[in-house]
Structures are given as structure tokens and as C-alpha cells.
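Using the numbering used here, the first residue of the sequence shown is number 1, and each one after it goes up by one. Quick notes on the structure that follows.
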Amino acid sequence: MGNECPFPAFKYTYLPPATICWSEYFRQCSLNYNKNLGDLFKRQFKGKIVEWEGAVTSVSSDNAKLIMNPSEATITRSEVTVKFPPEVNKGASPPFQLNSKVRFRGVLDDFGLLSNHQVSAVRLDAAHPPDYQLTYGAFLQIFGADAQGAAPNNFLKFWKNQPIVLEVSFMKFKEAPEYNLEGCSHKLDFKLSSMFKDFPEEPIRMLVPSARQDLFNKCVNARPDQIFNVQAHFLIRNDKHTLFLERIDGPLIKASNAIPFSGVNPTGQYQQQQYQQQQQQLQGQMQGSVVPIGGNVNPQQQSNPNLPIVLPKPPTRPIGTITPSAPPLEDDDYSYDSNTRMNDNTNSANQLPKPPDILPSQPNYQSSSISSVSGASNDGLEPYPSLTPIGSNDSNTNTNKDQNQKSPNDNADYGYPYTIFNMDPEYVEFIEIDDVQKKINKKKDYYSTILLVQVIDKLIWSFEVIVSNMGYYGKAVGIVRDSYGIPAKANYYWKPHTDYIAAFCGGNNYVWYKGQGTLDNDLFEENKIVRLEFDSFKGTLILFIDNVQQPVYISGIKEKVRFIV
1 MGNECPFPAF KYTYLPPATI CWSEYFRQCS LNYNKNLGDL FKRQFKGKIV
51 EWEGAVTSVS SDNAKLIMNP SEATITRSEV TVKFPPEVNK GASPPFQLNS
101 KVRFRGVLDD FGLLSNHQVS AVRLDAAHPP DYQLTYGAFL QIFGADAQGA
151 APNNFLKFWK NQPIVLEVSF MKFKEAPEYN LEGCSHKLDF KLSSMFKDFP
201 EEPIRMLVPS ARQDLFNKCV NARPDQIFNV QAHFLIRNDK HTLFLERIDG
251 PLIKASNAIP FSGVNPTGQY QQQQYQQQQQ QLQGQMQGSV VPIGGNVNPQ
301 QQSNPNLPIV LPKPPTRPIG TITPSAPPLE DDDYSYDSNT RMNDNTNSAN
351 QLPKPPDILP SQPNYQSSSI SSVSGASNDG LEPYPSLTPI GSNDSNTNTN
401 KDQNQKSPND NADYGYPYTI FNMDPEYVEF IEIDDVQKKI NKKKDYYSTI
451 LLVQVIDKLI WSFEVIVSNM GYYGKAVGIV RDSYGIPAKA NYYWKPHTDY
501 IAAFCGGNNY VWYKGQGTLD NDLFEENKIV RLEFDSFKGT LILFIDNVQQ
551 PVYISGIKEK VRFIV
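Next comes the structure, spelled out in C-alpha cells:
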């Protein structure tokens, strides 16, 4: 049986999805999960030098077997085989002796099936520094025995009954008594849209509630080969990903003479102008991009062996790291003239976005409207979004005038009193405090994207929010194209809304746009001031949390937008 393990036991951590989207689902629950692990190892870990600690359980002339720290083993069986290449066979780093603890460096050769990972020793000297600050615990979190069997558990823990959005074209309904689950005796044959081109080996079936078969069938027959937005929830993960169809939100309008859809659409009618909105997307009128700035391995991940290593993504262009003390960054290809950009949107659209200047922690601009946003518990009056025009970037603008000496026409000039669309009165209520202060309460816990009426296209605007009682996921602030009509019960990271909405997510620190997330900003903690600053001259949207500028921002905004929360 062997001896008891000399190291603490490793405990696998089931990490919740960073956000609810298809790419995250397939990352956690793919039917090819272990194959994907192998591809990940070959792509990012194979051949990299690591430094680990273990206890030698057997040793020979060309290899040693070790139990590791921390360990998945309960007895002294091999978890890692360290091979001695000829060049390090004598005086390998360091000497491996039976029953001794040893700290060594080695090149990752392969990860084993459940155990017995393969490493080739290198000398423990400055000539062979580790490529990754990767603890063995972090390695197990990605490639260990529990990690290799994580997909079914991820599905049960996080994804079963989770709603998801698809774009499909319906083919036909047919009876499927073998799938008589939750009243679903019919199966829907469909074709997935191009959004699934990155997941060709993930077969998906969709079951339809038999009680609504006639209604869904009518929609299919009315529009053959039409691509529909539908919502379903995850039901089963076995030989296929099985979905339960909940509703049809409406078609994606492709022709300029198309009429509004009049079928099953509980979330509100899609308007005729959706065609124009999609054309604007194709023309790239809002070429906003999420730009990661700098990036290293998170220090918390170095100190916590149960967290997986996250490899930083390089920025799209070298723009440096922005800190509160950093000067404005220069761009040789960028020319800036505030008067020209303010009066000539055509010229400004052709210029490269400049990294934002660092705004003072206490800017001298006038006070603004206040709204509050609280969760379904209805016991919080703390959170508030505020809308503030800071003023133009013109050098003739008096940005230093005293806030207490505003002219009577200041409000009219800047237009900061505002209204909010309530597209979900069943779930959301607004409380008017005054023209510039509003409170938003969630009456029920469901997705709602709240839109401010104010169109933002000139000057520099500030939008503040304090959030309370909102839970971990779902809270976000951002912008939406003025041309896009957000329907009721819309989730900002669902298709098609994510193609028109750029959002800073509070519960998972992603910046989200067009179905892609970028990390590195702080989380939205309870009762902290979350501020967006939109600069129409530079086309940038920057996030501040308690007056601290966050490193990931949005650039290249070239059309009218509105704030959302």
C-alpha cells in the first residue's frame, strides 16, 4: 500500500463560468474536453521549463518517480516521472535520492492519463530559468485527474437549465419519443448559423415542448430558411449537447424590404430598422475595440496553487501601461485638433484613436444627475448611475470655473437632465428623485438592459453608478449604438445584442464586445462608485472605480451612442 503522502492534498476547484456564452460553455463542457486539454498542452505548455517540489519514491539511472507537492495521491504512488537526459545525467538538478524531498526544474514533456506526468530534468541554475511561474497545484487545476473529468461536473454544477441564445434556421419538427423529457416528445431539426464555425465537432440537438409544437411549426413553415434568434436551456450532455427550446425571439432580417416579424416573440417585436443596424455593423461604423494594456501573470495565481495560470494576451498595438501618474502617451501616427474633431466628424473618423489622457482624480466639472440601481431584494438605496457632460476638449473652454458659480443656462447647454427607457416594467421600476436623480429597482431577478434616452455624440460625458444587492454576475455598465433598439429582457452579452453593446462587466472583470471578453479590470464591489467617461473627440470609453482608472478601455467609437446599465 505504501506510506502516507508527505505533502498536503490538492483540492480541485470548480470555477464558475466567466460569463454565459457559447465559447465559455464549450470550454467547460465540450464533448472533446480531453482532446482539447491535449491541444492546450501542446500549444502553450509542452517544452516549457517549470520548477516544482516532490518526494522521490523510486530512482534509476535514467529516471526518478516522485509524489508531488501538493499531491493528488493518498499513498506514495508516482505522480511525475522525471527523466534524466544524457547532458544532465551526472549532477542533474539536484541529486535525486530515494525517499528524499527535492526541488527541481524540468521541461514539460507530456501530461499523463490521470497521473504520471512526464518531465525531463534540466540543471538547477541561472541558465535554465523557469518559463512560467506555474506551481504544481496550478498545473493540476488544468491537467490533473479531476480536471480531466471536469466536463460532466461543470455541466451539472453550472450549466444544466442555464438559458442560452442561438441563431438557427429551422428545418422541420418530428416526433422523437426516445427523448420524452420534460414533456418534449418532438425534436427540431435545424441548421446552426455561422456563429458555430469555431465548434464544428460539437453536435447539438434541440427538443421542443410537445404542447407548443403547432405554434413553432407555424413559424417554421412561414419562413423557410430564415435565420431565427431563439432561446433554449441546456438539458442533457451525453453523446450530444441537448437543448430545450423555450422561445423564438424573431428572425434576423436580411432583406431591405422585409417586414417586422409577427410570430412567436415574447421579448418584443424586432423592428424594420434592424436591417439598417446590421448593415451599419457590417460597414464598421463603430469599430470599437477592447484594448488590453500591459499584462503579467496575476500575482494571486502565483501564490495560490489551486488557481490556473492565465497567460496574458498581447495588446493589439504597443500602447504601454496607464497609471494615475503616467503622462499622456504619444502616437506618431496621430494628430489631434480639438476644434477640427468637434466640428468635423468625417475627418475625426479617419484618425487613429489616441490612448486616453489621465484625468485628474477631482475634475472641475459640474455635478450631475443621479440614479440608483438595486437588486431584487429592494432593500438598497445606495447605488446610482450619474450622467455628466464634462465639456468640450476645446482649449477655449473654461474647465476651471467653480462648480458653485454655474450660469442659469448651464443645465440647458449640457442637457444633463435625462430620462430612461423602461422596456421591462414587469421586472424593473424607476423612482424619480428629480430631473437629474433617479433610482432603479429590480423587482424580479431576470436579465434587463436599461437604456438612457440621452444620445451621446459630442463633448466628454461622465456616467456614474453605485450598485448594491445585485449578486455576483450580470451587473454591467457600457454603451450601445444609438441606431440599435434594445428589446425587452435583453442580456448585453447574448447574441445579437453583444454586437451592438460594449460593456464593462462587474462580476467577472471582463470587458465584453461582440462575444469576446478581455480581462484585467477590477470587480464592481458593493457601494463603490463606478464611473464611465466617454470622450467623443478621442472615441474612447474609460472605466473608473472609486476614481481609480482601470487598464482596459474601449477605443475607436465613431458614431452616436447611449449609456446602458
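Every residue, glycine too, gets a C-beta built ideally from N, C-alpha and C.
Any beta carbon of chain C sitting closer than 7 Å to that of residue i?
i	result
Pro163	Within the model displayed, chain C is absent; a lone protein chain is all it includes.
Measuring only the C-alpha atoms, how far is residue i from residue j?
i	j	result
Leu140	Leu15	14 Å
Ala121	Leu66	13 Å
Thr449	Lys514	16 Å
Ile236	Gln118	35 Å
Gly137	Phe41	16 Å
Asp522	Asn441	24 Å
Pro70	Pro6	9 Å
Gly47	Arg105	12 Å
Tyr492	Phe537	26 Å
Ala488	Gln231	14 Å
Leu543	Gln550	6 Å
Lys475	Lys101	48 Å
Thr540	Pro209	46 Å
Lys240	Pro203	5 Å
Glu525	Asn99	48 Å
Glu72	Val165	38 Å
Phe244	Leu207	5 Å
Ile554	Ile456	15 Å
Lys495	Val168	12 Å
Leu532	Gly506	13 Å
Glu246	Asp424	19 Å
Pro85	Tyr132	21 Å
List the DSSP bridge partners of residue i.
i	result
Trp52	Phe104
Gln516	Tyr513
Phe544	Arg531, Gln549
Glu429	Asn441
Cys505	Ala476
Asp110	Gln118
Glu559	According to DSSP, which records beta bridges pairwise, Glu559 is partnered with nothing at all.
Phe234	Leu243
Val59	Ala64
Arg205	Thr242
Ser78	According to DSSP, which records beta bridges pairwise, Ser78 is partnered with nothing at all.
Ile466	Ile529
Ser71	Ala9
Ile572	The question about residue 572 has no answer, for the chain in this structure spans 1 to 565.
Pro129	Pro129 pairs with nothing; no bridge assigned.
Pro163	His233
Tell me which residues share the same chain as residue i and place their Cβ nearer than 7 Å to its Cβ, disregarding the 5 neighbours each side in the sequence.
i	result
Ile529	Glu464, Ile466, Asp546
Val480	Leu451, Ile486, Tyr500, Ile501, Val561, Arg562, Ile564
Cys29	Ala151, Asn154, Phe155, Trp159, Arg237
Phe111	Phe41, His117, Phe143
Leu114	Ala145, Gln148
Gln162	Ile20, His233, Phe234
Ala18	Glu24, Asn508, Tyr510, Gly517
Phe45	Leu108
Per DSSP, what kind of secondary structure is residue i in: helix, strand or coil?
i	result
Lys157	helix
Gly478	strand
Arg85	It should be pointed out that residue 85 corresponds to Pro in this sequence rather than to Arg. DSSP places Pro85 in coil when its eight states are reduced to three.
Ser23	helix
Ala151	helix
Asn32	coil
Ala9	strand
Leu140	helix
Leu37	helix
Beta-carbon within less than 6 Å of residue i's beta-carbon, same chain only, minus the 5 sequence neighbours each way: which residues are those?
i	result
Arg103	Glu53
Thr242	Arg205, Leu235, Ile236
Pro130	Ile49, Val50, Glu51
Lys83	Asn63, Ser120
Met68	Gly54, Glu79, Val80, Tyr136
Ala503	Ala476, Gly478, Tyr492, Trp512
Go through its chain and collect everything with a Cβ distance to residue i's Cβ below 8 Å, but skip five positions before and after it.
i	result
Glu426	Lys443, Lys444
| Inter-stretch contact at 8 Å, needing at least 3 Cβ pairs: the region 59 to 74 / the region 13 to 26 | Contact between the region 59 to 74 and the region 13 to 26 is absent, with fewer than three C-beta pairs closer than 8 Å.
| Contact between the region 126 to 133 and the region 6 to 15 (3+ Cβ pairs under 8 Å) | No, the region 126 to 133 is not in contact with the region 6 to 15.
| Three-pair Cβ contact test at 8 Å for the region 141 to 155 versus the region 30 to 48 | With the cut-off at 8 Å, the region 141 to 155 and the region 30 to 48 touch.
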